[in-house]
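> Those protein sequences? They're chains A and B, same order as listed. In terms of the numbering used here, the first sequence opens at residue 10 and continues consecutively. In terms of the numbering used here, the second sequence opens at residue 241 and continues consecutively.
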Amino acid sequence: MSFDKIRDPRKIRHQIGDMECDYIYTAGVAGERFYIALRDEEKLLATRCEKCNITFMPPRLYCDNCFTELASFMEVPSKGVIESYTITYFDRDGQALPEPEILAFVKIDKTDGGLIHRIGEIKPESLKIGSKVTAVFEAKKERKGALTDIKYFKPA
Amino acid sequence: MTVAIIGIGCTSFNSVTAEVSFKEQMFEAAVKAYADAGVNAREDIGSFLTAAEDYWEGYSIFDEFVPDQLGAVLRSVCTIGGDGLLALANGTMQIETGLFDVVAIEAHSKASDMLTFDGILTHALDPVYNRAFNVHPYFIAGLEMQRYLHETKTTREQCAAVVVKNKRNAMDNPLAAFPADMTVDEVINSTMVSHPLTQRDISPLADGMIVIVLASEKKAKELSDHPIWIKGLGWCSDTPWLEARDWGAAGYTNLARDRAYKRADIKNPRKEFDFAEVDDYFSYKELQHLEALQLCEPGKAGKLAEAGEFNRDGAFPVNVSGGRLGAGNLLEGSALQSVLECVYQLRGHAGKRQIKNAKTALAQSWRGVPTASGCVAVLSNEN
Numbered sequence: 010m011s012f013d014k015i016r017d018p019r020k021i022r023h024q025i026g027d028m029e030c031d032y033i034y035t036a037g038v039a040g041e042r043f044y045i046a047l048r049d050e051e052k053l054l055a056t057r058c059e060k061c062n063i064t065f066m067p068p069r070l071y072c073d074n075c076f077t078e079l080a081s082f083m084e085v086p087s088k089g090v091i092e093s094y095t096i097t098y099f100d101r102d103g104q105a106l107p108e109p110e111i112l113a114f115v116k117i118d119k120t121d122g123g124l125i126h127r128i129g130e131i132k133p134e135s136l137k138i139g140s141k142v143t144a145v146f147e148a149k150k151e152r153k154g155a156l157t158d159i160k161y162f163k164p165a
Numbered sequence: 241m242t243v244a245i246i247g248i249g250c251t252s253f254n255s256v257t258a259e260v261s262f263k264e265q266m267f268e269a270a271v272k273a274y275a276d277a278g279v280n281a282r283e284d285i286g287s288f289l290t291a292a293e294d295y296w297e298g299y300s301i302f303d304e305f306v307p308d309q310l311g312a313v314l315r316s317v318c319t320i321g322g323d324g325l326l327a328l329a330n331g332t333m334q335i336e337t338g339l340f341d342v343v344a345i346e347a348h349s350k351a352s353d354m355l356t357f358d359g360i361l362t363h364a365l366d367p368v369y370n371r372a373f374n375v376h377p378y379f380i381a382g383l384e385m386q387r388y389l390h391e392t393k394t395t396r397e398q399c400a401a402v403v404v405k406n407k408r409n410a411m412d413n414p415l416a417a418f419p420a421d422m423t424v425d426e427v428i429n430s431t432m433v434s435h436p437l438t439q440r441d442i443s444p445l446a447d448g449m450i451v452i453v454l455a456s457e458k459k460a461k462e463l464s465d466h467p468i469w470i471k472g473l474g475w476c477s478d479t480p481w482l483e484a485r486d487w488g489a490a491g492y493t494n495l496a497r498d499r500a501y502k503r504a505d506i507k508n509p510r511k512e513f514d515f516a517e518v519d520d521y522f523s524y525k526e527l528q529h530l531e532a533l534q535l536c537e538p539g540k541a542g543k544l545a546e547a548g549e550f551n552r553d554g555a556f557p558v559n560v561s562g563g564r565l566g567a568g569n570l571l572e573g574s575a576l577q578s579v580l581e582c583v584y585q586l587r588g589h590a591g592k593r594q595i596k597n598a599k600t601a602l603a604q605s606w607r608g609v610p611t612a613s614g615c616v617a618v619l620s621n622e623n
């Protein structure tokens, strides 16, 4: 609508702008414990709600089912089962990746959660839902207290 | 329920709309909706609600930028950080409080203004646990689709059949941005994005604005020859944790469905609805949503889609408008695109794509990856 319309595309004006948005995202009490244990001890920590029988991976300070605070952390195995996987071809900006990346949701053993991570040491055609995988840790001096302290999960 | 839709207005949906500003487009949709409803924006409408996200718009505090083009300056205005159906739900409740008898709601997309949609979507991922890898956020859809196919034995071809259907439906929707006569093979052989999801499984972004006028029962009967009644509404959010979600099904739909069906007294959805407009952001999502809405047995939507059951001339038409795949992905606006189609059909104004004797319809929304939020609305031309 509008009484007059632009008919010459060469005359269409625009203003380019960008929103510079830089943040620090705090990991929180549970995230801090999780990443420090990962970095220093090669351990996965979870929290557990006894009442609801839910083990949270990654750990949370509260149960989202009964809404109570969770105080105790427990170590769980750094292995699990591929619940789903994908082979992804584009990066976060929409550009083609030089090599496709295999990502999976790994349901971590003895928990009700898991981690989204890379799968390595496997041919894409061998990927299967239900396959057992185990974490391969980054060399100790390379670890930063981040999810990438696990290099990838490999077939167990 | 005692609230009706009495006016609809929209722009056409296009991949690019560089010649007009979002405000001018919203103005167009609003003028049309108010004319359709027979109301004067400055005198008759008590409250205005928009559905928007700052990041989609490129404005901080975007809600401050909506009043003038809607006729809402110095009026009650608020913005819902959700999809258009959530604005419709809140507008309906505002009328039910008795505070207002006429309310306008708006939802839109000016996606072509975004130069970095992919990067913006990446920022919707949890920064502490889900942003470590340099991959496109549609990897989440790849994981969901793979799990859904695994659990239900739905085939890749059956998902592609949804794309073919919706793009073909869009050929008879003059508003639609992406009509096409496409084959299942063309969908499957298109660029692989995140296996098994290909480029044509993904709804392409479009620009478009939609305004809807709601009224109380009394006002609706006074103003409208063809009010469309809102019979039931529900909305629900699952946990945002990707690590805790159900990868194979659309669990966020369940509570929204139960609330909407209960309020509308729907007991046998497949028999009581004449058609449905459901979210199809990705091909497999339409199938998941049809199952969650109990419009077919769990795991059977793919087979039925392949057999033509959900075609416009099938036993239960789904996304006759073309959905997001055919009409275009209008971001928060797509939920209202579904409502728009329901209104056209229930008024008998859908032209070539009119479903005969349509009386009761279902509109359902999902906000796309990485969200687990959605709404359900039941609409009818009978009070």
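Glycine is no exception: its CB is placed at the ideal position from the N, C-alpha and C atoms. Remember, predicted model here, so these are calculated numbers, not experimental data.
Let me check understanding here. Comparing Cα to Cα, which of B/F556, B/L580 and B/D553 lies closest to B/R564?
Locating residue 564 of chain B in the second sequence gives position 324, counting from the first residue. When each option's Cα is compared against that of B/R564, the closest is B/L580.
> Any C-beta of chain B sitting closer than 9 Å to the C-beta of A/P67?
For the purposes of this step, residue 67 of chain A is taken as residue 58 along the first sequence, with counting starting at 1. Taking Cβ atoms only, chain B reaches closer than 9 Å to A/P67, which makes this a yes.
> Quick check: is the beta carbon of A/D19 nearer than 9 Å to any beta carbon in chain B?
Residue mapping note: residue 19 of chain A aligns to position 10 of the first sequence, counting from 1. In the sequence as presented, Asp is not what sits at residue 19 of chain A; that position holds Arg. Interface annotation, A/R19: not in contact with chain B, CB-CB separation never under 9 Å.
> If I measure Cβ to Cβ from A/G65 and keep anything under 8 Å in the same chain, skipping five residues before and after, which residues do I get?
Within the first sequence, residue 65 of chain A is the residue found at index 56, counting from 1. Checking the sequence, you will find Phe at residue 65 of chain A rather than Gly. A55, T56, R57, C58, C72, L79, T120, D121 and G122, listed in sequence order.
> So, are the CB atoms of B/C250 and B/L289 less than 9 Å apart?
Within the second sequence, residue 250 of chain B is the residue found at index 10, counting from 1. Within the second sequence, residue 289 of chain B is the residue found at index 49, counting from 1. No, the pair does not count as a contact, with Cβ atoms beyond the cut-off.
> Does any CB atom of chain B fall closer than 9 Å to the CB of A/I45?
Within the first sequence, the letter at position 36 stands for residue 45 of chain A. Answer no: the Cβ-Cβ gap between A/I45 and chain B never drops below 9 Å.
> Please confirm if B/F379 has its CB atom under 9 Å from at least one CB of chain A.
The residue you call residue 379 of chain B lines up with position 139 of the second sequence. With 9 Å as the cut-off, B/F379 counts as an interface residue toward chain A.
> According to DSSP, which residues form a beta bridge with B/D447?
Taking the first residue of the second sequence as position 1, residue 447 of chain B is located at position 207. Answer is B/N254 and B/K350, bridged to B/D447.
> Hey, B/S464 and B/D341 are a contact pair by Cβ (cut 8 Å); roughly how many whole angstroms apart?
Start at 1 with the first residue of the second sequence, and residue 464 of chain B comes out as number 224. Start at 1 with the first residue of the second sequence, and residue 341 of chain B comes out as number 101. Going by Cβ atoms, the distance from B/S464 to B/D341 rounds to 13 Å, so no, they are not a contact pair.
> For the segment 83-117 of chain A, list every residue whose C-beta sits within 7 Å of some C-beta in chain B, in sequence order.
E92, S93, Y94, T95, I96, T97, Y98, F99, D100, R101, D102, G103, E110, L112 and F114
> Under the three-state reduction of DSSP, which class applies to B/C582: helix, strand or coil?
Taking the first residue of the second sequence as 1, we reach residue 582 of chain B at position 342. Residue state, collapsed to three classes: helix.
> Might you give, ordered along the chain, the residues of its own chain that have their beta carbon closer than 8 Å to the beta carbon of B/A269, omitting 5 neighbours on each side?
For the purposes of this step, residue 269 of chain B is identified with residue 29 of the second sequence, where counting begins at 1. Correct list, in chain order: G249, C250, T251, E346, H348, M449, I450 and V451.
> Name, please, each residue of chain A whose Cβ falls closer than 8 Å to the Cβ of B/E259.
For the purposes of this step, residue 259 of chain B is identified with residue 19 of the second sequence, where counting begins at 1. K14, I15, P18 and I21, listed in chain order.
> Given a cut-off of 9 Å, decide if B/Y524 and B/I383 are closer than it, judged by their beta-carbon atoms.
Numbered from its first residue, the second sequence carries residue 383 of chain B at position 143. Numbered from its first residue, the second sequence carries residue 524 of chain B at position 284. According to the sequence provided, residue 383 of chain B is Leu. The question's Ile does not apply to it. No. Outside cutoff.
> Quick check: the Cα distance between B/A582 and B/P557, rounded to an integer number of angstroms?
Here the question's residue 582 of chain B lines up with position 342 in the second sequence. Here the question's residue 557 of chain B lines up with position 317 in the second sequence. Residue 582 of chain B is actually Cys in this sequence, not Ala. If I take the Cα positions, the gap works out to 12 Å.
> Please list the residues of the segment 470-500 of chain B that have a C-beta atom closer than 7 Å to any C-beta atom in chain A, keeping them in chain order.
Taking a C-beta cut-off of 7 Å against chain A, the contacting residues of the segment 470-500 of chain B are T479, L482, E483, A484 and W487, listed in chain order.
> What three-state label does DSSP hand A/F82 in the structure shown?
Within the first sequence, residue 82 of chain A is the residue found at index 73, counting from 1. In the structure shown, A/F82 sits in a strand (DSSP, three-state: E or B).
> Would you identify the three-state DSSP class for B/H435, choosing helix, strand or coil?
In the second sequence, residue 435 of chain B corresponds to position 195, counting from 1. Three-state result, B/H435: strand.
> Can you tell me whether A/H23 is buried or exposed, with buried defined as 16 or more other CB within 10 angstroms of its CB?
Taking the first residue of the first sequence as position 1, residue 23 of chain A is located at position 14. By the 10 Å Cβ count, A/H23 comes out exposed.
> Could you round the C-beta distance between B/N406 and B/R593 to whole angstroms and report it? I think they count as a contact, below 8 Å.
The sequence position of residue 406 of chain B within the second sequence is 166, counting from 1. The sequence position of residue 593 of chain B within the second sequence is 353, counting from 1. Contact doesn't hold; Cβ gap of about 12 Å is too wide.
> What does DSSP give as the partner residue(s) for A/F12 in the beta ladder?
As a position in the first sequence, residue 12 of chain A is number 3, starting the count at 1. Per DSSP, A/F12 has no beta-bridge partner at all.
> State the DSSP-derived secondary structure class of B/E549, mapped to helix, strand or coil.
Counted from its first residue, the second sequence places residue 549 of chain B at position 309. B/E549: coil per DSSP, three-state reduction.
> Name the chain A residues that come within less than 8 Å of B/Q386, Cβ to Cβ?
Residue mapping note: residue 386 of chain B aligns to position 146 of the second sequence, counting from 1. Simply S93, Y94, T95 and I138.
> What residues in its chain sit with their C-beta under 7 Å from that of B/L365, if we drop five residues either side in the sequence?
For the purposes of this step, residue 365 of chain B is taken as the residue at position 125 of the second sequence. Once the five neighbours on either side are set aside, the close Cβ partners of B/L365 are R371, P377 and P610.
> Which of the residues in the segment 133-165 of chain A, read from start to end, lie with their CB under 7 Å from any CB of chain B?
I138, A155, L156 and T157
> Could you have a look at B/S574 and say whether DSSP puts it in helix, strand or coil?
Numbered from its first residue, the second sequence carries residue 574 of chain B at position 334. The answer is helix: DSSP assigns B/S574 an H, G or I state.
> Excluding the 5 residues flanking B/I246 on each side, which residues of the same chain have their C-beta closer than 6 Å to its C-beta?
Sequence index remark: in the second sequence, residue 246 of chain B carries index 6 (1-based). Around B/I246: A277, V453, A455, A460, L463, S464 and P467.
> Please tell me whether B/F357 has its Cβ less than 9 Å away from any Cβ of chain A.
Along the second sequence, one-based indexing puts residue 357 of chain B at 117. Output row for B/F357: interface = yes.
> Rounded to a whole number of angstroms, what is the C-alpha to C-alpha distance between B/T479 and B/R485?
In the second sequence, the residue the question calls residue 479 of chain B occupies position 239. In the second sequence, the residue the question calls residue 485 of chain B occupies position 245. Rounded to whole angstroms, B/T479 to B/R485 spans 7 Å at the Cα level.
> Can you check the segment 268-303 of chain B for any beta strand (DSSP E) of at least 3 residues that lies completely inside it and give the ranges in chain order?
287-291
> Assuming A/T95 and B/H435 are in contact, meaning their beta carbons sit under 8 Å apart, how far apart are those beta carbons, in whole angstroms?
Residue mapping note: residue 95 of chain A aligns to position 86 of the first sequence, counting from 1. Residue mapping note: residue 435 of chain B aligns to position 195 of the second sequence, counting from 1. Between the beta-carbon of A/T95 and that of B/H435 there is about 6 Å, and that keeps the pair under the 8 Å contact cut.
> Using the three-state DSSP reduction, which class does A/L112 fall into: helix, strand or coil?
Your numbering for residue 112 of chain A matches position 103 in the first sequence. Per DSSP, reduced to three states, the secondary structure at A/L112 is strand.
> Is B/V375 close to chain A, meaning its C-beta is less than 9 Å from at least one C-beta of that chain?
Within the second sequence, the letter at position 135 stands for residue 375 of chain B. So yes, B/V375 belongs to the interface.
> Since A/Y71 meets chain B, which of its residues come closer than 8 Å, beta carbon to beta carbon?
As a working note, residue 71 of chain A is residue 62 in the first sequence. Within 8 Å Cβ-Cβ: nothing; A/Y71 doesn't reach chain B, min ~12 Å.
> Got a sec: is the Cβ-Cβ distance from A/I25 to anything in chain B below 9 Å?
In the first sequence, residue 25 of chain A corresponds to position 16, counting from 1. Yes, because at least one Cβ of chain B sits closer than 9 Å to the Cβ of A/I25.
> Assuming the contact rule is C-beta atoms closer than 8 Å, B/F515 and B/A401 should be a hit. Round their C-beta distance to whole Å, please.
Residue numbering aside, residue 515 of chain B sits at position 275 when the second sequence is read from its first letter. Residue numbering aside, residue 401 of chain B sits at position 161 when the second sequence is read from its first letter. Not a contact, Cβ separation roughly 18 Å.
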